[in-house]
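In what follows, a structure is listed as C-alpha cells, so that the remarks can point back to it.
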Amino acid sequence: MPKLGYPANGLEPIISAETIEYHYGKHLQTYVTNLANLTKGTEYEQREVEDIVAAAPDGGIYNNAGQVLNHTLYFTQFTAAGQGKAPEGRLAELINRDFGSLDELKRQMEDAAISLFGSGWAWLSLSPDGKLVITKESNAGNPLRQGNKPLLCIDVWEHAYYIDYRNRRADHVKSLWQIIDWQVVAGRL
Ligand code: MN
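My numbering runs 26 ahead of the 1-based position in the sequence shown.
Structure, rendered in C-alpha cells:
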C-alpha cells in the first residue's frame, strides 16, 4: 500500500474522508491483496509493479497490478485544496508547447474523463518521443502498456466518486484540479 501524504479528511471537500476510507482503504487494499495472492510462486512474485503492468498477459495478474499502479499514482498526486502550486519549469514548458495553455490541458483531460464509457482512467503521459499526450484507458489500463510514462490520472470508476458526487461524474472530474500537486506530476517526468 502506498503511504498517503495527507489524512483521510485532508482532501475535503473535493474528496471526502468516507471516499478515502472506501477507495483507498478497501478498493486499493483489495487490489494489493489480490496481486500478492495471484503472483505467489509465479515469475512475477518479486518483480516491480511497473514491470508486471508492462509485461503480464491480459488477465488477473495484469488487472490487479494495473489497479495497484494506477491507484498509487492517483492517491499520491493529491494535496490539500488550494495548496498545490501551478506547474513550473520543464513541465510548464511542455504543457505550453503541446497544449498551448494549462486551461487547454485541463479541458482535454476533462473531455477524456467525462466521455470515457464505463470504468477506466484518463491519463496525461509522456510519449517516448517526449510529447505530452492524453489518453483514455478502460478498466485497469495504464499508458506504460504503450511505452508512455504516466504523469497524471483521473479515475472514473464509479467507486471514485459515487459516495460524494453520485452520478455527477463531470462535477467530480472538474473539481479535482483544486487538489492536484503539480510538483508531484513534474517529479514523474
Ligand atoms: Mn479506483
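The beta carbon of each residue, even a glycine, is placed where N, CA and C say it ideally should be.
Note that the structure is a prediction, hence the values are computed from the model and not measured.
Secondary structure of residue 186 (DSSP, three-state): helix. For residue 115, the three-state secondary structure derived from DSSP is helix. Summarising the contact set, residues whose Cβ lies nearer than 6 Å to any heavy atom of the ligand MN are, in chain order, 49, 53, 97, 181, 183, 185, 186. Comparing C-alpha distances from residue 168 to each of 74, 47, 31, 95 shows the shortest one belongs to 95. Here DSSP, grouped into helix, strand and coil, assigns residue 146 to strand. Secondary structure remark: continuous beta strand (DSSP E) runs of at least 3 residues inside the segment 44 to 111: none found.
For residue 137, there is no enclosing beta strand (DSSP E); the enclosing alpha helix (DSSP H) has its first and last residue at 128 to 141. A distance below 7 Å between beta-carbons, with the five flanking residues on each side excluded, links residue 40 to the following residues of its chain, in chain order: 107, 201, 202, 204, 205.
Take the alpha-carbon of residue 34 and the one of residue 97: they are about 15 Å apart. Excluding five sequence positions before and after residue 61, the CB atoms of its chain that fall closer than 6 Å to its own CB belong to 90, 91, 94, given in chain order. Residue 38 and residue 197 have their C-alpha atoms some 15 Å from each other. Of the residues 44, 82, 160, the one whose Cα lies closest to the Cα of residue 134 is 160. If you check the CB distance, residue 212 and residue 180 do not come in under 8 Å. In this structure, residue 121 sits away from residue 177, with a CB-CB distance that is not shorter than 8 Å.
Secondary structure of residue 207 (DSSP, three-state): coil.
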